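In my numbering, the protein residues as written are 439 to 647.
The structure appears below as structure tokens.
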């Protein structure tokens, strides 16, 4: 991601924080914190919010659709992961394809709760629970409101699949993503903080009132 794109996503203050963390990683120190957010899906509330958007361009994605994505993002390794997800039968991908290019993609995960890669932790879901995961927008299609639009769409599809509680895990510096989840009805239930110093890792979870 370019410096300009990072500043647009995180703001100047949080971009500086990201830069400091990147420097710390070079000397063997990692530190990240995330908001663990939840939403008990309310069909009436969700339907009202979805009326603001046109969903005629949205489709459920297949493996082949990801071949139309940016190859710098959808590398061979990423494509192998996508193939594995589809094989489980508990992952569903949704997105927008424009002019034979994957403009937007996002996932619903009902297999297991996966924390961000840096934490390397998975836990079983509670009953009727699922995770909103891996939302990606092509650089040429940003600023069009796709994140908010597709966030609501995924919640709608979760409701169709009898999932009642949605989870989203958001990097604390990613203010736009945090605001998107708040607008969708999510609340932050806890703050997850991860430290790695050389080969020792520490994970703290603080419940929020």
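We put the beta carbon where it would ideally sit given N, CA and C, even for glycine.
If you're wondering where the values come from, they're calculated on a predicted model, not measured in any experiment.
(message) Under DSSP, the beta strand (DSSP E) around residue 514 begins and ends at which residues?
(response) Segment 514 to 526 is the alpha helix (DSSP H) holding residue 514; no beta strand (DSSP E) there.
(message) Our contact map puts residue 613 next to residue 554 with C-beta atoms below 8 angstroms; I'd like the distance itself, whole angstroms only.
(response) Actually they are not in contact, since the Cβ atoms of residue 613 and residue 554 sit about 17 angstroms apart, beyond 8 angstroms.
(request) Would you mind working out which of 552, 532, 594, 629 sits nearest residue 480, comparing C-alpha positions? (result) 594
(request) Inspect the beta-carbon positions of residue 566 and residue 599 and report whether they are closer than 7 angstroms. (result) Taking 7 angstroms as the Cβ cut-off, residue 566 and residue 599 do not qualify as a contacting pair.
(request) Provide the residue(s) that pair with residue 644 in DSSP beta bridges, ordered along the chain. (result) 629
(message) For residue 558, which residues in the same chain have their Cβ closer than 6 angstroms to its Cβ, ignoring the five residues on either side in sequence?
(response) none
(message) What does DSSP give as the partner residue(s) for residue 635 in the beta ladder?
(response) The bridge partners DSSP lists for residue 635 are 467, 638.
(request) Tell me, please, whether the segment 524 to 534 touches the segment 489 to 502 by the rule of three or more beta-carbon pairs shorter than 8 angstroms. (result) yes
(request) Please determine, among 634, 640, 615, the residue with the shortest C-alpha to C-alpha distance to residue 475. (result) 615
(message) With H, G and I counted as helix, E and B as strand and the rest as coil, what does DSSP make of residue 460?
(response) helix
(message) Would residue 544 and residue 489 be called neighbours here (beta carbons separated by less than 7 angstroms)?
(response) Contact flag unset, no.
(message) Tell me the DSSP secondary structure of residue 539 in three-state form.
(response) strand
(message) Could you compute how far the alpha carbon of residue 478 sits from the alpha carbon of residue 622?
(response) 11 angstroms
(request) For residue 508, I'd like the list of residues in its chain whose CB is within less than 8 angstroms of its CB, leaving aside the five on either flank, ordered along the chain. (result) So the list reads 540, 576, 577, once near-sequence residues are dropped.
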